[in-house]
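For reference, the structure discussed in these notes is given below.
There are 2 protein chains.
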Amino acid sequence: MQMDDRKQKILRAIVQDYIASAEPVGSRTIARKFNLGVSPATIRNEMADLEDLGFIEQPHTSAGRIPSDAGYRYYVDCLMDAPKLSSEDKNTIEIETTKRISEIEEVISHTAKLLSQLTSLTSIVMGPQKGKSSFGQMYFLPYQPGKAIMVVVKENGAVENHIVDIGEYLSAEDLQQVATVFNNKLKGFSLGQIKKTLLHEIYSELTKQRHLLDNALSMLEAILDDEPEGEKVYLGGTLNMLNQPEFRDFDKVKSLFGAFEEDECLKKLLSASQNGLSVIIGGENKLQEFQDCSVISATYRVNGEVIGSIGVLGPTRMDYAKSMGIVDFMTRSLTDLLSKSRKR
Amino acid sequence: MQMDDRKQKILRAIVQDYIASAEPVGSRTIARKFNLGVSPATIRNEMADLEDLGFIEQPHTSAGRIPSDAGYRYYVDCLMDAPKLSSEDKNTIEIETTKRISEIEEVISHTAKLLSQLTSLTSIVMGPQKGKSSFGQMYFLPYQPGKAIMVVVKENGAVENHIVDIGEYLSAEDLQQVATVFNNKLKGFSLGQIKKTLLHEIYSELTKQRHLLDNALSMLEAILDDEPEGEKVYLGGTLNMLNQPEFRDFDKVKSLFGAFEEDECLKKLLSASQNGLSVIIGGENKLQEFQDCSVISATYRVNGEVIGSIGVLGPTRMDYAKSMGIVDFMTRSLTDLLSKSRKR
DNA sequence: GTTAGCACTCTCTATTGATGAGTGCTAATA
DNA sequence: TATTAGCACTCATCAATAGAGAGTGCTAAC
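From first to last, the protein sequence lines are chains A and B.
For the first sequence, this note's numbering begins at 810 and goes up steadily by one.
For the second sequence, this note's numbering begins at 810 and goes up steadily by one.
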């Protein structure tokens, strides 16, 4: 049995109607709403075929059909209108992203909010991958006796400050000296590389200045320890999930919101998209908690280099065309925005 | 009618049993579980009296009784065992809070997590009140052409960095000069005060150095604009609310989680506690969304000055003695920790 | 003042039956 | 041969009903 034109039309009708209504779609409904020029009985026959092919399923004997994961997949791959976004949404994105915002973190969290607003789904935005970000420069500023503020500028423009213990014996010049060594040795290296290969090099350099060493070492540790394992993840519109009829079930909500609190889970969700727009549908997802969800994600770049990803999470029954359009456009404008702001 | 000793014992029994079981408490249950030496019938009579006094109520004719807000209030004020915390919890708090953490923000968010863990409730922690925090020092660091990193150290020890536009024309010395003016003029003033009274003073001072003024002004604006209105609020254990039987209701969950996303709401919740330990029970709360909740909160200090508050939010039926014990102790150790770290 | 006994109330759960949406099959039709 | 009309059948949903159980309030006895 093959997918002919009519089967495709019917499958598309089922998916679209189910996306809109969240109710199983019957043959009669299709005949009425979509003008296919055939009777419900014919549609029933075709639907039986589509069920055999695995694209739709029946929740119970006397209900209409709902798309299976395979059905959604076929829809996304072959039947769907090209991802599109309304000029209204486009406008909003352009206005919102051109509002001058100075810090990357703010841009990111702002993006998460905007994304969830536009899609009515839950948005997940992964900030610059710190492990991959490279060291740019560092400064030490006086803070309190025995402590200093260490300001680290990454190559991607992110700025972080940490309080570090410096012991009692370091003067401002000593600190300056340490910073100089760091800046010379580390510029351009990722923090991962720093940890592995460069640590002992600095160590030996500083050995020459015996009196600095002991305290400098604790600083080094502080730098690397304070650096969290992975990237920061921002969520937006988690509440939107509560509006979806498929989550009118307490246990589902609990396990879902539980997963939301685990950064690791969210990172895994986004990790699929290596490049371009990625769509993961229902059971294609390996994470138990998200088997009833679909994820649309994409990576964004700064100056050509992938530094993070954004995505939306929703019920399997989501408006793929719209969501994909928004995620795609958002990725582009984020990439634009970040690259532009770096050039200035 | 007066509260005699037996009435008090019965009321305490009702509150405690209801806290534990979340089920209306019947006369028979009390006679069985609490050895009052009287029969269920007698207890029934007393319960009728307690209901007349407004301390308990019946969800429906043939159910047991549950405490009213007034009942909880009486319990907390007069009947409850002194707020107490297990030596186990005490230990956890002491170990967790003495882990060396350098930045105030980290301490705060860590506190929120710990608090919700120990109480199985939702924790709300309000960070240092920025409006009330005072300016300490500022530095400018080179960033990119036309931009600088502005590092602001508050008097309470918090450090923030912002990227500011400086236009094309400012040299490092110019920046240094501006910073010096700021540091001299502003040290010790709250940001509120800065905005109102000192702005024109600096303005006039900088007027003397004409070439700096235009650009310095935009920086000033950046400083004050970047400063958010209020304090940052941290939530922990919001999921715990889903485990409470009183929130097995979708509309409640939705409005509750909606309120969680509004920082303003949460701030209002905590604002009650001006000093010491404050307990707000059910309807005493003015916010619609939290009428079924109680809030226990307290303020913490750095060097005698109140800089924030912590609290827990739970269903009206919460274990007040335990929660109050934990919040109280936590406040103290937070105060200790922050004050100690400031002295070093 | 306390208690035992009992009728009464009300929630909760399970059962039942009616309704309606939707299917699958068969036979008639183009 | 493909399509369609007709019809019996299935199953979820909803409302009504009955029975069980928990708990009360009242009365009368202790």
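All residues carry an ideal CB built from backbone N, CA and C; glycine is no exception.
- Around the beta carbon of Gln1053 of chain A, 16 or more other beta carbons lie within 10 angstroms, which makes this residue buried.
- Val824 of chain A carries a helical assignment under DSSP once its states are collapsed to helix, strand and coil.
- Under the three-state reduction of DSSP output, Pro1054 of chain B falls in the helix class.
- Taking 9 Å as the Cβ-Cβ cut-off, the region 878–894 of chain B has no residue approaching chain A.
- In the DSSP assignment, Pro1124 of chain B falls within the beta strand (DSSP E) that extends over Glu1114 to Pro1124.
- Chain order gives the chain B residues near Asn970 of chain A as Val960, Val968 and Asn970, where near means a beta carbon separation below 7 Å.
- By the 16-neighbour rule on beta-carbons within 10 angstroms, Ser980 of chain A is exposed.
- DSSP places Ala857 of chain A in the helix class (H, G or I) of the three-state scheme.
- Tyr948 of chain A belongs to the set of residues whose beta carbon lies under 8 Å from a beta carbon in chain B.
- Out of B:Phe1066, B:Tyr1043, B:Glu1114 and B:Gly1120, the CA that lies nearest to the CA of Leu1079 of chain B is found in B:Gly1120.
- Per DSSP, the unbroken alpha helix (DSSP H) holding Thr989 of chain A starts and ends at Ala981 to Leu995.
- The beta carbon of Val1121 of chain A sits no closer than 8 Å to any beta carbon of chain B.
- Under the Cβ distance rule, Phe1066 of chain B counts among the residues neighbouring chain A, one pair being separated by less than 8 Å.
- Distance from the CA of Val1062 of chain A to the CA of His971 of chain A, rounded to the nearest whole angstrom, comes to 37 Å.
- The beta-carbon distance between Leu1086 of chain B and Val1136 of chain B, rounded to whole angstroms, is 7 Å. This is short enough to meet the 8 Å contact definition.
- Chain B has no Cβ within less than 8 Å of the Cβ of Leu1044 of chain A.
- If you draw a straight line from the Cα of Arg841 of chain A to the Cα of Thr851 of chain A, it comes to about 13 Å.
- Straight-line measurement puts the Cα of Gln946 of chain A at about 28 Å from the Cα of Ser1142 of chain A.
- In this structure, the CA atom of Met1133 of chain B is about 29 Å from the CA atom of Phe1069 of chain A.
- At a cut-off of 8 Å between beta carbons, Val1062 of chain A contacts chain B.
- Leu1075 of chain B has a beta carbon lying at 8 Å or more from every beta carbon in chain A.
- If you draw a straight line from the Cα of Gly955 of chain A to the Cα of Val987 of chain A, it comes to about 16 Å.
- One alpha carbon belongs to Leu1044 of chain A, the other to Thr928 of chain A, and they sit about 13 Å apart.
- Following the DSSP letters along the chain, one finds Ala1068 of chain B inside the alpha helix (DSSP H) bounded by residues Phe1059 to Phe1069.
- Classified as exposed, Ser896 of chain A has fewer than 16 neighbouring CB atoms from the shown chains inside 10 Å of its CB.
- Distance between Ile1116 of chain B and Glu915 of chain B, taken at the CA atoms: about 15 Å.
- With a threshold of 16 other beta carbon atoms within 10 Å, Pro833 of chain A meets it and is buried.
- Between Arg821 of chain A and Tyr881 of chain A the beta-carbon gap is near 11 Å, outside 8 Å, which marks them as no contact.
- Relative to the Cα of Phe1056 of chain B, the nearest Cα in the group B:Pro1124, B:Leu845 and B:Asp1145 belongs to B:Pro1124.
- In the three-state scheme derived from DSSP, where H, G and I count as helix and E and B as strand, Lys1076 of chain A is classed as helix.
- Of B:Gln953, B:Val968, B:Tyr952 and B:Phe949, the smallest CA-CA separation from Gln953 of chain A is found for B:Val968.
- Within 8 Å of the CB of Phe1099 of chain B, no CB atom of chain A is found; the nearest one sits about 17 Å away.
- Gly846 of chain B: not part of any alpha helix (DSSP H); DSSP gives it neither H nor E.
- Secondary-structure assignment with DSSP links Val960 of chain B through a beta bridge to B:Tyr948 and B:Asn970.
- In this structure, Thr1047 of chain B sits away from Thr920 of chain B, with a CB-CB distance that is not shorter than 8 Å.
- For Arg882 of chain A, the enclosing alpha helix (DSSP H) covers residues Asp878 to Tyr883.
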